[in-house]
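Here's the structure, in structure tokens; my notes come after.
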Amino acid sequence: MTQDIITLESAHTSGVYPKRPLAIVRGKGARLWDAEGNEYIDCVGGQGAANLGHAHPAIVSAISQQAGQLITCPEIFYNDRRAELLAALANAAPAGLSRAFLCNSGAEAVEAAIKFARLGTGRSHIVACMRGFHGRTMGALSATWEPKYRKPFEPLVPGFSHVPYNDLAALDAAITDSTAAVLLEVVQGEGGVRLGDPAFLLGAQRLCRERGTLLIVDEVQTGYGRTGALFACEHHGLEPDLMPIAKSMAGGLPMGACLIGPRVGPIEKMIHGSTFGGNPLACAAALATLQVMVDENLPSRAAHLGAFLQERLRSIRSPLIREVRGLGLLVGVELKTKVTPILQGLQARGVLALPAGATVLRLLPPLVIEPSDLERVVDTIESELASFG
Ligand SMILES: Cc1ncc(COP(=O)(O)O)c(C=O)c1O
0 MTQDIITLES
10 AHTSGVYPKR
20 PLAIVRGKGA
30 RLWDAEGNEY
40 IDCVGGQGAA
50 NLGHAHPAIV
60 SAISQQAGQL
70 ITCPEIFYND
80 RRAELLAALA
90 NAAPAGLSRA
100 FLCNSGAEAV
110 EAAIKFARLG
120 TGRSHIVACM
130 RGFHGRTMGA
140 LSATWEPKYR
150 KPFEPLVPGF
160 SHVPYNDLAA
170 LDAAITDSTA
180 AVLLEVVQGE
190 GGVRLGDPAF
200 LLGAQRLCRE
210 RGTLLIVDEV
220 QTGYGRTGAL
230 FACEHHGLEP
240 DLMPIAKSMA
250 GGLPMGACLI
260 GPRVGPIEKM
270 IHGSTFGGNP
280 LACAAALATL
290 QVMVDENLPS
300 RAAHLGAFLQ
310 ERLRSIRSPL
320 IREVRGLGLL
330 VGVELKTKVT
340 PILQGLQARG
350 VLALPAGATV
360 LRLLPPLVIE
370 PSDLERVVDT
380 IESELASFG
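The sequence shown maps to residues 0 to 388 in numbering that gives the first Met the number 0.
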């Protein structure tokens with residue numbers, strides 16, 4: 000069964016993904032099953048798109064109901080679900096972010112932020128951070144730091160520079176009269192689960208205000224409860240001017256949005272757009288997602304479970320662990336060895352997890368995960384490391 004799926008998919012896929020030899024065919028909550036019926040605890044969490052877990056009944060019901068009503072409706076028309084979602088987003092977002100451009104992915108949300116920053120300031124330069132990740136399209140890639148993602152596609156979009164994360168003096172020096180925006184993450188996810196220093200984050204906001212520069216906080220990975228608050232900005236009282244979100248915002252359906260604050264100013268008609276952006280199907284799923292976040296108190300669940308997970312991981316006595324770090328259920332274990340063989344070993348033991356760079360084991364479980372499953376994850380990591388060390 001699995002081999003048939005692998006053979007068929009391999010014959011026609013683009014080839015850009017280093018795939019694991021598993022065919023995942025079903026999910027429920029924080030559990031996944033492969034085509035052979037083997038069960039796994041999911042700490043990949045759809046790479047951050049499955050904060051609500053798999054097959055959440057509220058999302059299944061919202062999608063099926065809306066699918067029978069209206070799936071697609073371009074934004075040249077108004078739509079009931081979209082109107083409700085825009086209002087709900089404005090209500091849930093950090094202060095001032097009362098408008099949104101709806102799109103279909105994180106990279107698109109970042110692209111929109113870059114374009115709106117250039118439009119709103121009449122300036123072109125964007126300062127981003129080393130180890131920052133913002134997506135793979137040409138604009139978002141120009142803000143992404145990792146050379147191996149950038150190099151093959153040069154020349155990239157001009158006007159981007161990078162400063163060391165958490166280095167306020169370097170940021171201060173990098174902002175000039177032509178800087179449209181500073182673009183950063185509150186926690187760098189892909190960059191190795193690195194936490195922003197509050198003094199840096201708030202200092203960046205202050206510098207932006209002083210220099211007529213806009214602050215873009217990329218919450219594509221940190222948003223939707225992941226770090227123990229609905230948006231990670233809330234931990235520091237950050238009020239960005241532009242905030243790209245995506246991943247879990249529609250319960251796993253593809254959707255992104257760029258939230259827009261008052262300092263961006265008015266946005267001209269026809270200047271940007273997206274065929275699928277704001278489609279009623281994704282809007283219905285996104286509305287249901289916000290409701291589940293509240294009903295099940297998922298941000299605070301992530302805060303508690305994340306603290307518990309980090310504490311348990313820190314109690315593992317292994318010479319292979321350099322550091323455990325994270326915020327909420329965005330957790331990284333920096334190893335003194337390459338992470339890939341460890342990930343393979345965990346998979347064989349029934350736990351699926353992610354890398355973040357070459358040596359960091361990243362755990363992004365659905366926020367609905369049971370504490371007993373997290374216990375099993377920690378025990379499994381402990382056994383796997385012991386068999387290595
Ligand atoms: C912080 C951040 N921004 C942007 C993106 C790009 O999102 P997408 O893969 O949906 O284009 C990601 C993806 O991992 C991300 O982590």
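Yeah, the Cβ is synthetic: ideal placement off N, Cα and C, and Gly gets one too. As the structure is a computational prediction, the values presented were derived from the model and not from experiment.
Three-way DSSP call (helix, strand, coil) for residue 378 in this model: Within the sequence shown, residue 378 is the residue found at index 379, counting from 1. In this structure, residue 378 counts as helix in the three-state DSSP scheme.
Proximity of residue 189 and residue 153 at Cβ, strictly below 9 Å: What you label residue 189 is simply residue 190 of the sequence shown in a count that begins at 1. What you label residue 153 is simply residue 154 of the sequence shown in a count that begins at 1. Result no, Cβ atoms of residue 189 and residue 153 do not sit closer than 9 Å.
Return the bridge partner residues of residue 102 from the DSSP annotation. Position 103 of the sequence shown, counted from the start, is the residue given in the question as residue 102. Beta-bridge pairing links residue 102 to 255.
Alpha carbons only, please: which of 58, 129, 380, 5 is nearest the one belonging to residue 21? The residue you call residue 21 lines up with position 22 of the sequence shown. The shortest Cα separation from residue 21 among 58, 129, 380, 5 belongs to 5.
Compute the distance between the beta-carbons of residue 160 and residue 113, then report whether it is under 9 Å. On the sequence shown, residue 160 is found 161 positions in, with the first residue counted as 1. On the sequence shown, residue 113 is found 114 positions in, with the first residue counted as 1. Not closer than 9 Å, so no.
Could you tell me whether the stretch 312-321 touches the stretch 79-87, where touching means 3 or more Cβ pairs closer than 8 Å? The stretch 312-321 is not in contact with the stretch 79-87.
Between which two residues does the alpha helix (DSSP H) harbouring residue 339 extend? The residue given as residue 339 occupies position 340 in the sequence shown. Looking at the DSSP string, the run of the alpha helix (DSSP H) that includes residue 339 is 339-347.
In three-state terms, what does DSSP make of residue 265? Residue 265 sits at position 266 when you count from the first residue of the sequence shown. Note: residue 265 maps to coil in three-state DSSP.
Kindly examine ligand 1 and report whether one of its heavy atoms sits closer than 8 Å to the Cβ of residue 104. Within the sequence shown, the letter at position 105 stands for residue 104. Yes, ligand 1 has a heavy atom inside 8 Å of this Cβ.
Neighbourhood of residue 260 by C-beta distance below 6 Å, restricted to the same chain and skipping five residues each side: Taking the sequence shown and counting its residues from 1, one reaches residue 260 at position 261. Contacts found: 95, 96, 240.
Terminal residues of the beta strand (DSSP E) in which residue 403 lies: Beyond the ends of the chain as shown, which are 0 and 388, falls residue 403; an answer cannot be given.
Return the residue from the list 155, 358, 291, 137 that minimises the CA-CA distance to residue 106. Here residue 106 refers to the residue found at position 107 of the sequence shown. Selected option, being the one with the closest Cα: 137.
Secondary structure at residue 128, three-state DSSP: helix, strand or coil? Stepping through the sequence shown from its first residue, residue 128 is reached at position 129. Shown here, residue 128 sits in a strand according to DSSP, grouped into three states.
Same chain, Cβ closer than 6 Å to residue 49, neighbours up to 5 away in sequence not counted: Numbered from 1 along the sequence shown, position 50 holds the residue referred to as residue 49. Excluding residues within five positions, the ones whose Cβ falls inside 6 Å are 251, 365.
Just reading off the alpha helix (DSSP H) that residue 11 is part of, what are its end residues? As a first step, residue 11 must be located in the sequence shown, where it is residue number 12. Start and end: 1-11.
Does the Cβ of residue 11 have 16 or more other Cβ atoms within 10 Å, making it buried, or fewer, making it exposed? The count along the sequence shown starts at 1 and reaches residue 11 at position 12. Counting Cβ neighbours within 10 Å, residue 11 comes out exposed, since fewer than 16 surround it.
If residue 383 and residue 320 are in contact, beta carbons under 8 Å, what's the gap, nearest whole angstrom? Taking the sequence shown and counting its residues from 1, the one referred to as residue 383 is at position 384. Taking the sequence shown and counting its residues from 1, the one referred to as residue 320 is at position 321. Wrong, their Cβ atoms sit about 12 Å apart, outside the cutoff.
Residue 196 CB to nearest heavy atom of ligand 1 below 8 Å: By one-based count along the sequence shown, residue 196 stands at place 197. Result no, Cβ not under 8 Å from ligand 1.
Count the C-beta pairs between the stretch 158-178 and the stretch 222-242 that are closer than 8 Å, then say yes if the count reaches three, no if not. Cβ pair count under 8 Å is below three, so no.
With distances taken from CA atoms, which of 44, 60, 193, 326 is nearest residue 128? Position 129 of the sequence shown holds residue 128. Among 44, 60, 193, 326, the Cα nearest to that of residue 128 belongs to 193.
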